[in-house]
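In the order they appear, the protein sequences are chains A and B. Just so we're aligned, residue 0 is where the first sequence starts under numbering that gives the first Met the number 0, counting upward by one. Just so we're aligned, residue 0 is where the second sequence starts under numbering that gives the first Met the number 0, counting upward by one. One structure is given here, and the rest of the page talks about it.
There are 2 protein chains.
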Amino acid sequence: MAICHHQPQFAVSSSSFPFTTNLSNKSHLHLPSSFRCNLSIASILEPEPVYTSVKSFAPATVANLGPGFDFLGCAVDGIGDYVTLKVDPQVHPGDISITDITGTGNSAKKLSKDPMWNCAGIAAISVMKMLNIRSVGLSLSLEKGLPLGSGLGSSAASAAAAAIAVNEIFGGKLPALDLVMAGLESEAKVSGYHADNIAPAIMGGFVLVRSYDPLELIPLKFPVEKNLCFVLVNPEFEAPTKKMRAALPTEITMSHHIWNSSQAGALVAAVLQGDLIGFGKALSADKIVEPRRAPLIPGMDGVKKAALAAGAYGCTISGAGPTAVAVTDDEEKGRKIGEKMVEAFMAEGNLKAVAMVKKLDRVGARLVSQR
Amino acid sequence: MAICHHQPQFAVSSSSFPFTTNLSNKSHLHLPSSFRCNLSIASILEPEPVYTSVKSFAPATVANLGPGFDFLGCAVDGIGDYVTLKVDPQVHPGDISITDITGTGNSAKKLSKDPMWNCAGIAAISVMKMLNIRSVGLSLSLEKGLPLGSGLGSSAASAAAAAIAVNEIFGGKLPALDLVMAGLESEAKVSGYHADNIAPAIMGGFVLVRSYDPLELIPLKFPVEKNLCFVLVNPEFEAPTKKMRAALPTEITMSHHIWNSSQAGALVAAVLQGDLIGFGKALSADKIVEPRRAPLIPGMDGVKKAALAAGAYGCTISGAGPTAVAVTDDEEKGRKIGEKMVEAFMAEGNLKAVAMVKKLDRVGARLVSQR
């Protein structure tokens with residue numbers, strides 16, 4: 000066996016799972032663009048499965064976050080996708096088979112069971128390649144908890160759940176950054192080359208995507224003693240990512256750039272300082288993307304006003320929509336805010352909508368059972 | 000005497016000096032645009048001087064900070080302007096007289112002694128108005144430690160030193176935010192309506208200017224246990240703010256906007272996390288302003304390369320230039336980096352330059368003596 004079998008596009012750092020770093024202050028996850036071979040176990044030996052079956056969960060994510068457009072996302076707890084992964088002698092060694100896709104709503108029907116065209120499948124294959132799996136076949140069952148095209152990181156949740164399941168069934172050799180790379184490959188094929196959903200889906204909390212080449216992620220720790228609740232209001236309306244992306248301006252004025260950059264800085268400061276008022280203000284303050292996209296979601300402007308009037312600290316579009324996201328510090332307050340937002344979607348957009356109140360997920364993708 | 004004598008453009012909050020806030024988490028300084036009368040002592044009674052003479056210092060500041068263009072600045076210790084302020088019976092009550100301007104270089108000769116046309120004078124008058132001073136005349140002596148038009152916040156340092164001197168000679172009634180407002184009035188007249196020098200000159204450390212209407216400032220605390228040194232290299236070259244501002248693009252592509260916004264977020268995160276490597280990277284990563292301005296400063300590109308090659312974590316233009324600023328964590332390292340930058344200014348720009356290594360100033364404008 001050769002010393003180093005890695006695909007050149009992946010570098011497996013010798014640091015351990017989940018969120019380790021090469022830097023002394025542990026605030027960065029860093030991956031150089033050049034190929035590195037650290038002679039880690041994963042890069043030399045094909046690992047053996049340590050479980051026969053695992054079940055994993057990956058949370059929904061809210062990306063874009065107003066002025067954090069395209070580089071900042073966070074994970075929300077209690078809603079997401081599940082993957083059950085089994086060592087399966089019926090599957091050709093080195094391959095993966097998707098046996099089952101279940102879930103409410105439109106998700107299960109619309110998704111392909113061909114692993115090459117399924118976000119969970121693509122991420123799983125990518126992790127298997129990184130781990131150099133050639134002797135074991137796997138079967139995967141996907142349970143969608145998230146609707147497609149809702150702006151809640153549905154594809155990222157499937158990819159993250161699959162990536163962590165494959166990694167963990169073989170002993171958790173890969174660090175989080177590699178799993179994000181695997182998920183990014185999936186996202187690139189399914190919904191665009193962006194890491195602001197997949198990174199928090201895997202790592203939990205808030206993650207800032209500093210660069211793609213090399214991929215550098217900065218976890219932003221929201222203080223543990225503070226509560227942060229997201230009010231997620233999902234209307235019955237399809238807002239495809241591509242259409243929402245086409246609505247973006249190609250050129251931006253200097254004054255809007257400075258404004259949004261300062262709000263991005265304020266947003267990051269508010270996360271790290273646990274400042275909910277500042278967070279809400281910055282979240283609501285986007286002058287570039289939200290003004291273009293909100294008119295494409297019937298009632299969105301009214302929903303935002305209703306959220307703020309009901310006491311939300313801030314409100315914007317989640318991801319590329321159509322879900323609206325508002326923030327507060329208390330679940331009961333969140334429910335009341337959600338009611339007002341649902342009413343506004345009906346009153347101003349003639350759309351039925353469902354509200355959920357979810358806390359910040361600080362863990363990210365994880366195993367929920369193994370045997 | 001009427002209940003409330005404030006000028007409508009100023010709101011004197013009831014919070015105490017120096018960096019208090021209306022918000023619970025104390026991370027914001029907030030000033031509503033509407034007129035508020037809090038019935039504070041300052042707003043009702045003209046305070047009496049508590050000293051006959053004070054001497055104040057305000058530090059140099061580095062604004063723009065790469066992707067922090069126009070909204071983020073920080074103070075550097077050990078270099079700045081001094082103001083000596085005296086209760087002077089020879090001066091008409093309620094007025095201020097500038098008796099003396101001293102200092103090395105071009106500063107002293109170029110500045111007007113008319114307080115209405117001098118940055119220290121304008122800020123002093125503004126604070127006197129806020130305090131409702133009508134019975135006492137003051138004389139002011141300005142000692143310039145900073146050269147004009149160097150990109151080190153020269154006008155802000157004078158304004159900050161004057162503002163704090165007036166406030167302190169009358170017992171320090173006004174909070175920092177009001178002093179920033181006074182300084183901003185001075186900056187608007189002298190170098191443009193921007194608070195990214197005057198806010199850190201008064202408050203110390205890093206300050207993010209979140210908005211102007213209302214003025215909202217977010218102090219960003221760099222961890223006290225970490226060292227941050229600035230290598231400031233000032234070439235013999237005049238780069239007027241107006242010319243440098245004219246070089247800015249009016250329209251920005253979406254991709255550059257997203258890049259710079261993410262770097263702005265990373266910069267803020269690095270400050271709060273005390274991550275010098277991340278700070279340096281973000282500082283160096285501006286794709287919008289620096290590429291337009293650097294070519295106007297002979298040798299600047301080479302100076303940046305020399306700084307990074309010599310081990311600086313990052314390097315950019317300070318303010319509107321021509322000073323180059325590099326960052327490191329050690330004074331001795333800083334001196335070596337500075338030597339290389341001075342050499343590069345000569346080799347690549349044919350400019351003589353002087354290097355200084357200064358630490359982050361965490362205090363801001365302060366009294367150095369009083370009697």
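Think of the CB as a built atom: it goes at the ideal place given N, C-alpha and C, for glycine as much as any other residue. Small disclaimer: the values here were computed from a predicted structure and weren't measured.
Check your understanding: Along the chain, which unbroken stretches of the alpha helix (DSSP H) at least 4 residues long are found entirely within the segment 178 to 224 of chain B?
Key -> The segment 178 to 224 of chain B contains, as complete alpha helix (DSSP H) runs of 4+ residues, the segments 197 to 202 (chain order).
Review point. Using 8 Å as the threshold, is the segment 328 to 346 of chain A in touch with the segment 214 to 221 of chain A, meaning 3 or more CB pairs across them?
Key: Under the Cβ criterion (8 Å, minimum of three pairs), the segment 328 to 346 of chain A does not count as touching the segment 214 to 221 of chain A.
Review point. Tell me the DSSP bridge mates of residue 73 of chain A?
Key: Taking the first residue of the first sequence as position 1, residue 73 of chain A is located at position 74. Answer by DSSP bridge pairing, in chain order: A/61, A/205.
Exercise for review: Indicate whether at least one CB of chain A lies closer than 8 Å to the CB of residue 237 of chain B.
Suggested key: Here residue 237 of chain B refers to the residue found at position 238 of the second sequence. The Cβ of residue 237 of chain B sits no closer than 8 Å to any Cβ of chain A.
Check your understanding: Whose CA, out of B/284, B/156, B/223, B/91, lies closest to the CA of residue 67 of chain B?
Key -> Taking the second sequence and counting its residues from 1, the one referred to as residue 67 of chain B is at position 68. Measuring from the Cα of residue 67 of chain B, the nearest candidate turns out to be B/284.
Practice item. Give a yes or no on contact between the segment 296 to 314 of chain A and the segment 293 to 308 of chain B, applying the rule of three or more CB pairs nearer than 8 Å. Key: With a cut-off of 8 Å on Cβ pairs, the segment 296 to 314 of chain A is not in contact with the segment 293 to 308 of chain B, counting fewer than three such pairs.
**Study point:** DSSP-derived helix/strand/coil call for residue 323 of chain A
**Key:** Counted from its first residue, the first sequence places residue 323 of chain A at position 324. DSSP places residue 323 of chain A in strand when its eight states are reduced to three.
Exercise for review: Taking all protein chains shown into account, decide if residue 235 of chain A is buried (16 or more other Cβ within 10 angstroms of its Cβ) or exposed.
Suggested key: As a first step, residue 235 of chain A is located in the first sequence; it is residue number 236 there, counting from the start. Classification of residue 235 of chain A: exposed, given that the 10 Å Cβ count is below 16.
Point to revise | Residue of B/132, B/134, B/139, B/144 minimising C-alpha distance to residue 117 of chain B | key: Locating residue 117 of chain B in the second sequence gives position 118, where the first residue counts as 1. When each option's Cα is compared against that of residue 117 of chain B, the closest is B/139.
Check your understanding: In terms of DSSP beta bridges, what is residue 257 of chain B paired with?
Key -> Residue numbering aside, residue 257 of chain B sits at position 258 when the second sequence is read from its first letter. For residue 257 of chain B, which the question treats as bridged, DSSP gives no partner whatsoever.
**Study point:** Alpha carbon of residue 313 of chain B to alpha carbon of residue 353 of chain B, nearest angstrom
**Key:** As a working mapping, residue 313 of chain B is identified with position 314 in the second sequence. As a working mapping, residue 353 of chain B is identified with position 354 in the second sequence. Those two C-alpha atoms are separated by around 19 Å.
Point to revise | Selection of the segment 40 to 74 of chain B by Cβ proximity to chain A, strictly under 9 Å | key: Answer set for the segment 40 to 74 of chain B: 66, 67, 68, 69, 70, 71.
**Study point:** Ranges of the alpha helix (DSSP H) found wholly within the segment 112 to 191 of chain A, counting only runs of at least 4
**Key:** For the segment 112 to 191 of chain A, the full-length alpha helix (DSSP H) segments reaching 4 residues or more read 118 to 130, 153 to 168, 175 to 189 along the chain.
Practice item. Taking only the alpha-carbon atoms, compute the straight-line gap between residue 174 of chain A and residue 290 of chain B and give it to the nearest angstrom. Key: On the first sequence, residue 174 of chain A is found 175 positions in, with the first residue counted as 1. On the second sequence, residue 290 of chain B is found 291 positions in, with the first residue counted as 1. Separation of residue 174 of chain A and residue 290 of chain B (C-alpha to C-alpha, rounded to the nearest whole angstrom) is 36 Å.
**Study point:** Start-end ranges of the alpha helix (DSSP H) lying completely within the segment 306 to 369 of chain B, minimum 4 residues
**Key:** Runs of the alpha helix (DSSP H) inside the segment 306 to 369 of chain B: 330 to 348.
**Study point:** Nearest candidate by alpha-carbon position, reference residue 69 of chain B, set B/190, B/107, B/91, B/362
**Key:** Residue mapping note: residue 69 of chain B aligns to position 70 of the second sequence, counting from 1. Ranking B/190, B/107, B/91, B/362 by Cα distance to residue 69 of chain B puts B/190 first.
Check your understanding: residue 184 of chain B and residue 154 of chain B: beta carbons closer than 8 Å?
Key -> Taking the second sequence and counting its residues from 1, one reaches residue 184 of chain B at position 185. Taking the second sequence and counting its residues from 1, one reaches residue 154 of chain B at position 155. Taking 8 Å as the Cβ cut-off, residue 184 of chain B and residue 154 of chain B do not qualify as a contacting pair.
Check your understanding: Using the rule of at least 16 other Cβ atoms within 10 Å of the residue's Cβ for burial, across every protein chain shown, is residue 315 of chain A buried or exposed?
Key -> Within the first sequence, numbered from 1, the residue matching residue 315 of chain A stands at position 316. By the neighbour-count definition (other C-beta atoms within 10 Å, threshold 16), residue 315 of chain A is a buried residue.
Practice item. With a threshold of 16 other CB atoms inside 10 Å of the CB of residue 81 of chain A, please say whether the residue is buried or exposed. Key: To locate residue 81 of chain A, count along the first sequence from 1; it is residue 82. Residue environment: residue 81 of chain A is assigned as buried (16 or more neighbouring CB atoms within 10 Å of its CB, all protein chains considered).
Check your understanding: Quick one: is residue 248 of chain A near chain B, going by C-beta distance under 8 Å?
Key -> What you label residue 248 of chain A is simply residue 249 of the first sequence in a count that begins at 1. Contact of residue 248 of chain A with chain B is assigned, a C-beta pair being separated by under 8 Å.
Exercise for review: Can you grab the Cα-Cα spacing for the pair residue 199 of chain B / residue 60 of chain B, in whole Å?
Suggested key: Within the second sequence, residue 199 of chain B is the residue found at index 200, counting from 1. Within the second sequence, residue 60 of chain B is the residue found at index 61, counting from 1. One alpha carbon belongs to residue 199 of chain B, the other to residue 60 of chain B, and they sit about 7 Å apart.
Check your understanding: Between B/131, B/247, B/226, which lies nearest to residue 47 of chain B when the distance is taken from Cα to Cα?
Key -> Within the second sequence, numbered from 1, the residue matching residue 47 of chain B stands at position 48. Closest option to residue 47 of chain B, Cα to Cα, is B/131.
Check your understanding: Around the Cβ of residue 77 of chain B, are there at least 16 other Cβ atoms within 10 angstroms (buried) or fewer (exposed)?
Key -> Locating residue 77 of chain B in the second sequence gives position 78, where the first residue counts as 1. Classification of residue 77 of chain B: exposed, given that the 10 Å Cβ count is below 16.
Review point. What are the boundary residues of the alpha helix (DSSP H) that includes residue 106 of chain B?
Key: Taking the second sequence and counting its residues from 1, one reaches residue 106 of chain B at position 107. Residue 106 of chain B -> alpha helix (DSSP H) spans 106 to 109.
Practice item. Tell me whether residue 287 of chain B sits in a helix, a strand or coil according to DSSP, three-state version. Key: The residue you call residue 287 of chain B lines up with position 288 of the second sequence. DSSP, reduced to helix, strand and coil, places residue 287 of chain B outside both helices and strands of the structure shown, so it counts as coil.
Exercise for review: Can you have a look at residue 360 of chain A and say buried or exposed, based on whether 16 or more other CB atoms are within 10 angstroms of its CB?
Suggested key: Residue 360 of chain A sits at position 361 when you count from the first residue of the first sequence. It counts as buried.
Exercise for review: Note down, in chain order, each residue of its chain lying with its Cβ closer than 7 Å to the Cβ of residue 18 of chain B, except the 5 sequence neighbours on either side.
Suggested key: As a first step, residue 18 of chain B is located in the second sequence; it is residue number 19 there, counting from the start. Reliability of the predicted coordinates at residue 18 of chain B is poor, the pLDDT of 35 falling under 50, and no value is obtained from them.
**Study point:** Nearest-angstrom beta carbon gap, residue 90 of chain A and residue 169 of chain A [assumed within contact, 8 Å]
**Key:** On the first sequence, residue 169 of chain A is found 170 positions in, with the first residue counted as 1. On the first sequence, residue 90 of chain A is found 91 positions in, with the first residue counted as 1. With 8 Å as the limit, residue 169 of chain A and residue 90 of chain A do not qualify as a contact, their Cβ atoms being about 15 Å apart.
Practice item. Keeping to the same chain, check which residues put their C-beta closer than 6 Å to that of residue 25 of chain A; ignore five residues upstream and five downstream. Key: In the first sequence, residue 25 of chain A corresponds to position 26, counting from 1. Only weak support exists for where residue 25 of chain A lies, its pLDDT of 34 falling under 50; the value from the coordinates is given anyway. For residue 25 of chain A, where only same-chain residues beyond five positions count, there are no Cβ hits under 6 Å.
**Study point:** C-alpha gap between residue 366 of chain B and residue 53 of chain B, whole angstroms
**Key:** Here residue 366 of chain B refers to the residue found at position 367 when the second sequence is read from its first residue. Here residue 53 of chain B refers to the residue found at position 54 when the second sequence is read from its first residue. Near 7 Å, if we compare the C-alpha coordinates of residue 53 of chain B and residue 366 of chain B.
**Study point:** residue 100 of chain B - containing beta strand (DSSP E), residue span
**Key:** Residue 100 of chain B sits at position 101 when you count from the first residue of the second sequence. If you look at residue 100 of chain B, you'll find it in the beta strand (DSSP E) that goes 95 to 102.
Check your understanding: Shorter than 8 Å from the beta carbon of residue 243 of chain B to some beta carbon of chain A?
Key -> Here residue 243 of chain B is taken as the residue at index 244 of the second sequence, counted from 1. The Cβ of residue 243 of chain B sits no closer than 8 Å to any Cβ of chain A.
Practice item. Say whether chain A places a C-beta atom closer than 8 Å to the C-beta of residue 163 of chain B. Key: The residue given as residue 163 of chain B occupies position 164 in the second sequence. It does not: the Cβ of residue 163 of chain B has no partner Cβ on chain A nearer than 8 Å.
Exercise for review: Compute the beta-carbon to beta-carbon distance between residue 129 of chain A and residue 177 of chain A, rounded to the nearest angstrom, for a pair I have assumed lies under 8 Å.
Suggested key: For the purposes of this step, residue 129 of chain A is identified with residue 130 of the first sequence, where counting begins at 1. For the purposes of this step, residue 177 of chain A is identified with residue 178 of the first sequence, where counting begins at 1. The distance from the Cβ of residue 129 of chain A to that of residue 177 of chain A is about 6 Å, consistent with a contact at the 8 Å cut-off.
Check your understanding: Exposed or buried, which one is residue 30 of chain A when buried takes at least 16 other CB atoms within 10 Å?
Key -> By 1-based counting over the first sequence, the position of residue 30 of chain A is 31. Per-residue confidence for residue 30 of chain A stands at a pLDDT of 40, beneath the threshold of 50, marking its modelled position as unreliable; the derived number appears in the next sentence. Classification for residue 30 of chain A: buried.
Check your understanding: In angstroms, rounded to a whole number, what distance separates the CA positions of residue 351 of chain A and residue 150 of chain A?
Key -> Walking along the first sequence from the start, residue 351 of chain A turns up at place 352. Walking along the first sequence from the start, residue 150 of chain A turns up at place 151. Taking the straight line from one Cα to the other gives about 16 Å.
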